[in-house]
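Residue numbering for the sequence shown is 1 to 170, as defined by my numbering. Glycine included, each C-beta is placed from N, C-alpha and C at the ideal position. Okay, so here's the structure we're looking at.
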Amino acid sequence: MKRTLQAINKLKEKGAIGDYAIGGAVASFFYVEATLTEDLDVFIRIDSRKDEIVTLSQLFDSLAEEGYKEFKKEGIIIDTWPVQFLPATTELEIEALKKANKKIIEGEEVKVLSAEYLMAICIQVGRAKDKIRLDQFLSEKCFDENFFYDIINRHNLTERYNKIKKVFEE
Numbered sequence: 001m002k003r004t005l006q007a008i009n010k011l012k013e014k015g016a017i018g019d020y021a022i023g024g025a026v027a028s029f030f031y032v033e034a035t036l037t038e039d040l041d042v043f044i045r046i047d048s049r050k051d052e053i054v055t056l057s058q059l060f061d062s063l064a065e066e067g068y069k070e071f072k073k074e075g076i077i078i079d080t081w082p083v084q085f086l087p088a089t090t091e092l093e094i095e096a097l098k099k100a101n102k103k104i105i106e107g108e109e110v111k112v113l114s115a116e117y118l119m120a121i122c123i124q125v126g127r128a129k130d131k132i133r134l135d136q137f138l139s140e141k142c143f144d145e146n147f148f149y150d151i152i153n154r155h156n157l158t159e160r161y162n163k164i165k166k167v168f169e170e
């Protein structure tokens with residue numbers, strides 16, 4: 001993982017990506033019991049105008065220059081990790097990226113989404129594995145409840161959250 005994170009930090013230094021933060025299962029390791037994951041989710045900021053089509057060509061060109069060209073499923077292999085670069089496109093993701101926390105992973109400083117934003121993104125995406133992760137956060141009570149409710153209220157996710165929570169309670 002260390003070399004993967006070094007490569008991502010180098011992308012930022014070179015300007016191939018803007019601000020970034022680790023999300024998904026790897027970010028969840030900081031808050032809940034670890035679960036199996038096959039990839040590293042990296043939320044990235046891409047500056048663009050509303051009428052502009054966004055591509056990741058600069059990012060992938062920069063990775064190719066470093067010798068990273070192989071893809072596995074949705075991720076590009078960096079060292080041994082498939083990495084999914086996910087442009088922060090929703091207001092929730094953009095806010096989560098701006099408010100990400102600095103953490104150290106294997107000696108590398110990275111930004112990681114907070115528990116509350118990870119939970120809100122789980123609600124927003126709504127896949128089965130996201131609902132399981134959300135339940136894990138709720139069970140382990142490893143988040144600031146007031147902050148979480150503020151986030152889901154501001155991003156109109158309260159009704160969706162209540163539906164998911166009701167299923168957990170049954």
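6 Å Cβ shell around residue i - same chain, five flanking residues per side excluded
i: residue 117; result: 96
i: residue 34; result: none
i: residue 161; result: 123, 152
i: residue 90; result: none
i: residue 147; result: 116
CA-to-CA distance, residue j to residue i, given in whole angstroms
i: residue 158; j: residue 66; result: 43 Å
i: residue 142; j: residue 100; result: 16 Å
i: residue 15; j: residue 7; result: 12 Å
i: residue 136; j: residue 32; result: 7 Å
i: residue 25; j: residue 53; result: 29 Å
i: residue 121; j: residue 64; result: 30 Å
i: residue 168; j: residue 123; result: 13 Å
i: residue 10; j: residue 86; result: 17 Å
i: residue 108; j: residue 13; result: 14 Å
i: residue 51; j: residue 93; result: 20 Å
i: residue 125; j: residue 131; result: 9 Å
i: residue 138; j: residue 73; result: 30 Å
i: residue 106; j: residue 23; result: 16 Å
i: residue 77; j: residue 166; result: 39 Å
i: residue 128; j: residue 36; result: 15 Å
Residue i - containing beta strand (DSSP E), residue span
i: residue 54; result: No beta strand (DSSP E) contains residue 54, which DSSP labels as neither H nor E.
i: residue 163; result: Where residue 163 is concerned, there is no enclosing beta strand (DSSP E), although the alpha helix (DSSP H) it sits in stretches over 158-169.
i: residue 44; result: 40-44
i: residue 21; result: 20-23
Residue i - containing alpha helix (DSSP H), residue span
i: residue 125; result: 115-125
i: residue 128; result: 128-140
i: residue 147; result: 145-154
i: residue 4; result: 2-14
Sequence-distant residues of the same chain with beta carbon closer than 8 Å to residue i, five excluded per side
i: residue 21; result: 27, 42, 43, 96, 97, 100, 110, 111, 112, 113
i: residue 30; result: 103, 112, 115
Neighbourhood of residue i by C-beta distance below 7 Å, restricted to the same chain and skipping five residues each side
i: residue 134; result: 119, 122, 123, 164
i: residue 19; result: 45, 97
i: residue 56; result: 85
i: residue 3; result: 79
i: residue 58; result: 16
i: residue 75; result: 39, 82, 83, 84
Any non-hydrogen atom of the ligand PLP within 8 Å of residue i CB
i: residue 58; result: The ligand PLP is not part of this structure, which contains no ligands at all.
| message | Across the stretch 33-50 and the stretch 80-88, are there enough close Cβ pairs to call them in contact, namely three or more that are closer than 8 Å? | response | By the Cβ test, the stretch 33-50 is in contact with the stretch 80-88, since at least three Cβ pairs between them sit closer than 8 Å.
| field | Three CB pairs or more closer than 8 Å across the stretch 58-72 and the stretch 149-156 | value | The stretch 149-156 and the stretch 58-72 do not touch, with fewer than three beta-carbon pairs separated by less than 8 Å.
| task | Write down every uninterrupted run of the alpha helix (DSSP H) in the stretch 71-107 whose length is 4 residues or greater and which is fully enclosed by it, in chain order. | result | 91-98
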